[in-house]
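Novice:
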Amino acid sequence: MKFADFISFKAIRADLAADDKESVISELVQSLLDAGDVNPAEKDDIIAAILKREELGSTGIGRGVAVPHTKHPSVQKLVGTVGVSAHGVDFNSLDGENVQLFFLLVSPPERPGDHLRALENISRQLRDDTFCRFLKQSKTADDIHQLLEEADNNQFAT
Amino acid sequence: MFVIDTILLVTGILLLLGIASSKFSARLGVPVLVLFLALGMLAGSEGIGGIEFENYSLAHGIGTIALGLILFDGGLRTPYRSIRAAWKPAGILATAGVLLTSVVTGLAAAAILGLTNLQGLLLGGIVGSTDAAAVFSVLRSGGVHIRRRVADTLEVESGSNDPMAIFLTVGLIQVLSGEVPLGPALITLFLNQIVLGGVIGLVVGRLAVWVLKNIQLDAAGLYPILATAFGLFAYGFAAAIGGSGFLAVYLAGIVIGNGRPVFHRGILLFHDAAAWLGQILMFIVLGMLSFPSRLLDVAGPGLIIAAVLILVARPLSVFLTISALRFSFREMLFISWVGLKGAVPITLATFPLMQGLESASLIFDVVFFVVLVSAVIQGWTLPAVARYLKLETPAKAEPPVTLEISSLRNVEGDIVDYYVDEDSRAAGRMLKDLALPDGVVVALIVRQDQIIPPQGRSQIEIGDHLIVVLRPGVRPLVDRVFARQEREAECLPEALEFPLRGTIKAGDVERFYDIRLGENPEATLDQMIRSKLGSKGLSVGASIRYEQIVLRVRGLTPTGSIEYVGMMILPLPKEQPVGEETKSALGGPKPEAS
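Those protein sequences? They're chains A and B, same order as listed. The first sequence begins at 1 in our numbering and counts up one residue at a time. The second sequence begins at 159 in our numbering and counts up one residue at a time.
#1: Are GLY283(B) and THR327(B) touching if we call contact CB-CB under 7 Å?
#2: Let me know the alpha helix (DSSP H) ranges lying completely inside the stretch 436-518 of chain B, each 4 residues or longer, listed in chain order.
#3: Tell me the residue span of the alpha helix (DSSP H) that contains VAL190(B).
#4: Look at the alpha carbon of SER159(A) and the alpha carbon of ASN153(A), and state the distance between them as a whole number of angstroms.
#5: If I follow the unbroken beta strand (DSSP E) through LYS71(A), where does it start and stop?
#6: With respect to the alpha helix (DSSP H) encompassing GLU55(A), which residues constitute its N-terminal and C-terminal limits?
#7: Does DSSP put GLU646(B) in a helix, a strand or coil?
#8: With DSSP run on the structure shown, which of helix, strand or coil describes ARG545(B)?
#9: From this set, PRO450(B), GLY417(B), LEU447(B) and TYR408(B), which residue's C-alpha is nearest ALA433(B)'s C-alpha?
#10: If you reduce the DSSP assignment to three classes, tell me which class GLU120(A) lands in.
#11: Does SER123(A) come within less than 7 Å of chain B when only Cβ atoms are used?
#12: Just to confirm before moving on: does the CB-CB distance between ILE727(B) and LEU104(A) stay below 7 Å?
#13: Beta strand (DSSP E) containing ARG710(B): first to last residue?
#14: Are SER494(B) and VAL476(B) touching if we call contact CB-CB under 7 Å?
#15: Grab me the residues of ILE609(B)'s own chain with a C-beta within less than 8 Å of its C-beta, minus the 5 sequence neighbours each way, in chain order.
#16: So, with DSSP's three-state summary, where would you put PHE160(B)?
#17: To the nearest angstrom, how far is the alpha carbon of ALA153(B) from that of VAL168(B)?
#18: Return no unless some Cβ of chain A is closer than 7 Å to the Cβ of ALA433(B).
#19: List the endpoints of the continuous beta strand (DSSP E) containing ARG418(B).
#20: Give every residue of the same chain whose Cβ lies closer than 6 Å to the Cβ of PHE640(B), excluding the five residues on either side of it in the sequence, and list them in chain order.
#21: Within a Cβ cutoff of 7 Å, which residues of the same chain sit near ASP289(B), ignoring the five residues on either side of it in sequence?
#22: What residue range does the alpha helix (DSSP H) around MET726(B) cover?
#23: THR346(B) lies in the alpha helix (DSSP H); which residues open and close that run?
#24: Beta-carbon within less than 8 Å of ASP430(B)'s beta-carbon, same chain only, minus the 5 sequence neighbours each way: which residues are those?
#25: Using CA coordinates, which residue listed in LEU624(B), LEU312(B), LEU258(B) and PRO459(B) is at the minimum distance from VAL531(B)?
#26: So, for GLU580(B): in the same chain, excluding its five sequence neighbours on each side, which residues have a beta-carbon less than 8 Å away from its beta-carbon?
#27: Thinking C-alpha only, which one of THR259(B), PHE421(B), MET588(B) and VAL626(B) is nearest ARG615(B)?
#28: Between ARG306(B) and GLN155(A), how many whole angstroms is the CB-CB distance? I'm expecting something under 8 Å.
#29: Examine chain B for any beta-carbon lying closer than 7 Å to the beta-carbon of ASN153(A), and answer yes or no.
#30: Taking the alpha carbon of LEU375(B) as the reference point, which residue from LEU467(B), GLY355(B) and PRO419(B) has its own alpha carbon closest?
#31: What residue ranges within the stretch 293-340 of chain B form continuous beta strand (DSSP E) runs of no fewer than 3 residues, ordered along the chain?
#32: Within 8 Å, do at least three Cβ pairs link the stretch 442-461 of chain B to the stretch 183-202 of chain B?
#33: Is there a C-beta anywhere in chain A that falls below 7 Å from the one on PHE492(B)?
#34: ALA751(B) by DSSP, collapsed to three states: which one?
#35: Rounded to whole angstroms, what's the CA-CA distance from LEU594(B) to GLU22(A)? Just pull it up for me.
#36: Classify THR274(B): buried if its beta carbon has 16 or more other beta carbons within 10 angstroms, exposed otherwise.
Here it is in structure tokens:
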């Protein structure tokens, strides 16, 4: 599965303003809402579902990266966005580092395989230090978009 | 003895020596082109061969043909993916980068050698371009593994920067000989080179793909020749109407190579050979053309100019032109270091000689010396520099392919011979248990001198050859099936696991990710892993592999219960359900029962 299959390019944010866990999740969900990928009425419910997943263990996977994700019946297909925070946000990561790079995913309950595939793709691509570093350094949504395309074309880890 | 008999004898001997020297290349780490050049110098009038050769127009002719073939071959092997990823940085480097390098080097050369500024710039233009033959040979066969975007950038740059260098050289020669005034006429010359060369390359390439797919030749051997013919045609046509022949032949090669023509593999093999022949002949001829004694005369200023070029001009132009395009500092240092010079400058340096320009022979000697320094120092140290800058990526495990056969007619299919060695994932498994994707047929198993008709129950043994028919698209998946085993689960960094608390229930994880762990859903991860590993096996780092995920113990509390578990998601190809694998392995025509 490629980034282009599930990342909503219009929702990418290179300038996240939030400075705590809950508000950064809210900001990312709002970006999906602005891009028309989720229903405004479901916003709070989606945020609650993501926070519920965080209770199983933080999705801050270390190295300044977090991949908050959840299943939610309001979406028809897997949607996701990418956000970069210049100053970093405390996300209760196990390594204690602040998170600068976020991948947020919302998947429909009836497409179980996609969810796992997308997570696998993200964690495989992030294994490439260069990719990870360039994403964190991105200043515009276009930069991020381009990096994701390059990753899709196997320019980074394969 | 006719003259041609002697020429053939000498050519044969030189080719044999050239091929023999390529065997040393790998052992010594010296780029082959240096050895070929050295061989040419040894064979030349001042070496032990004593061959008198000072025919600049013949050398220019051989250089042009060889370079055309090398660029055509390089184009054939460049997938669109590389172009898409690298056209921006490569395009800027190939134009503005070359110009900047040339100007800086040229002005320095003028000052050092006491030439006029225009003569200096001519020298700068001649050595301004990165050599495709050298870069291809170092990056593709030199064992340097770097990030693909960097490699693509360097390859596409070196393949497409010759028009700029040729333009600078031809333009300045025309200005120096008074044919064209400095000014707008030069711009027209430049645009003609790029636009005409580009358009003709693309059009001829398209035409060639169509012809190759539809002509239905009876003799397979004619297909590669047909491709070559189109390459030569693209060069000649473009050059005849004032475009860049080198750009045209490179682009035509790219279009043909990506068009999957009939007998693709044959075409590639033929041009690989042609490019090698071109490299050996070209460098040997250029070596013979030089006079080592005259090189020594220019050694002092030559070294300084080479130093300016390598240490100042190239890095300056790289950093100024592509620093906005997301390369890391180390990568830009590396790209600067791969400003390898090769045959193009030497071939270009024969232009002023043929025109009888003032100081032409000084320019030729200095250019030759600079190329030699660049090829030896940069070419030799490239792998070490890549390592030093920590840019090397591990080489991918090569699938053990020994033979690729392609259908003569235009069929979307390849026949591939996989060799099963002891590390192969396929070794010791039954055919039906291989995770072969749909549309793949194992046609034959060859064991020593026996042929075994494949069946689902056939066991694959070490040393077997499997002849597999497949669609080109699924090739990477099949390669993985036969590739050497990696120990992925153990060597992954823990940072890419999703941490889960030990106290959560197995059922929660199953529900959340729609996976089956086959355990009591009410058990906590701690209990589940503890019962699997036993109290002895329970330690940080111990892991259990499930169908789609691996769970690894990440941390224990002081009382010994599992605090955190890392969940890693396994990549796709291994996860296909067994039922489907069985079907697809035998999905094609049934092998005859024996």
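Backbone N, C-alpha and C fix where the C-beta goes; we use that ideal spot for every residue, glycine too. All values reported here derive from a predicted model rather than from experimental measurement.
Specialist: The structure says:
#1: A distance below 7 Å separates the beta carbons of GLY283(B) and THR327(B).
#2: 450-455, 457-465, 472-480, 487-495 and 501-513, all fully within the stretch 436-518 of chain B.
#3: Going by DSSP, VAL190(B) is part of the alpha helix (DSSP H) stretching over 190-201.
#4: The requested residue 159(A) is not part of the displayed model; chain A covers only 1 to 158.
#5: Its beta strand (DSSP E) spans residues 69-71.
#6: Its alpha helix (DSSP H) spans residues 43-56.
#7: For GLU646(B), the predicted structure reports a pLDDT of 37, less than 50, and the residue's modelled location is therefore unreliable. A value from the coordinates is still provided. Judged by DSSP in its simplified three-state form, GLU646(B) adopts helix.
#8: Correct three-state label for ARG545(B): helix.
#9: Among PRO450(B), GLY417(B), LEU447(B) and TYR408(B), the Cα nearest to that of ALA433(B) is on TYR408(B).
#10: GLU120(A) falls in the helix class under three-state DSSP.
#11: Residue contact check for SER123(A) against chain B: a CB pair falls below 7 Å.
#12: No, the Cβ-Cβ distance between ILE727(B) and LEU104(A) is not below 7 Å.
#13: In this chain, the beta strand (DSSP E) harbouring ARG710(B) covers 707-714.
#14: Yes, these two residues count as a Cβ contact at 7 Å.
#15: Only LEU602 and ILE603 meet the Cβ criterion.
#16: In the structure shown, PHE160(B) sits in coil (DSSP, three-state: anything other than H, G, I, E or B).
#17: In this structure chain B extends from 159 to 752, so residue 153(B) is not present and cannot be described.
#18: At a cut-off of 7 Å, the C-beta of ALA433(B) has no neighbouring C-beta in chain A.
#19: For ARG418(B), no beta strand (DSSP E) run applies, since DSSP gives it neither H nor E.
#20: The answer, listed in chain order, is PRO557, TYR576, SER582 and ALA584.
#21: SER316, LEU498, LYS499, GLY500, ALA501 and VAL502, listed in sequence order.
#22: Counting along the chain, no alpha helix (DSSP H) covers MET726(B); the unbroken beta strand (DSSP E) around it starts and ends at 720-727.
#23: Segment 342-372, the alpha helix (DSSP H) holding THR346(B).
#24: ASP231, listed in sequence order.
#25: Taking the Cα of VAL531(B) as reference, the smallest distance to any Cα among LEU624(B), LEU312(B), LEU258(B) and PRO459(B) is reached at PRO459(B).
#26: Around GLU580(B), the same chain offers ILE620 as residues with beta carbons nearer than 8 Å, after the five sequence neighbours per side are excluded.
#27: The shortest Cα separation from ARG615(B) among THR259(B), PHE421(B), MET588(B) and VAL626(B) belongs to MET588(B).
#28: Between ARG306(B) and GLN155(A) a beta carbon distance of about 5 Å is seen, short of the 8 Å cut, so the two are scored as contacting.
#29: Judged by the 7 Å Cβ criterion, ASN153(A) is in contact with chain B.
#30: Here the closest residue by C-alpha is PRO419(B).
#31: Secondary structure within the stretch 293-340 of chain B: not one fully enclosed beta strand (DSSP E) run of 3 or more consecutive residues is present.
#32: Three or more Cβ pairs drawn from the stretch 183-202 of chain B and the stretch 442-461 of chain B lie within less than 8 Å of each other, which places the two stretches in contact.
#33: Judged by the 7 Å Cβ criterion, PHE492(B) is not in contact with chain A.
#34: Residue placement at ALA751(B) is flagged as unreliable, the pLDDT there being 38, under the threshold of 50; a coordinate-derived value is accordingly withheld.
#35: Cα-Cα distance, rounded: 45 Å.
#36: Looking at its Cβ environment, which holds fewer than 16 other Cβ atoms inside 10 Å, THR274(B) is exposed.
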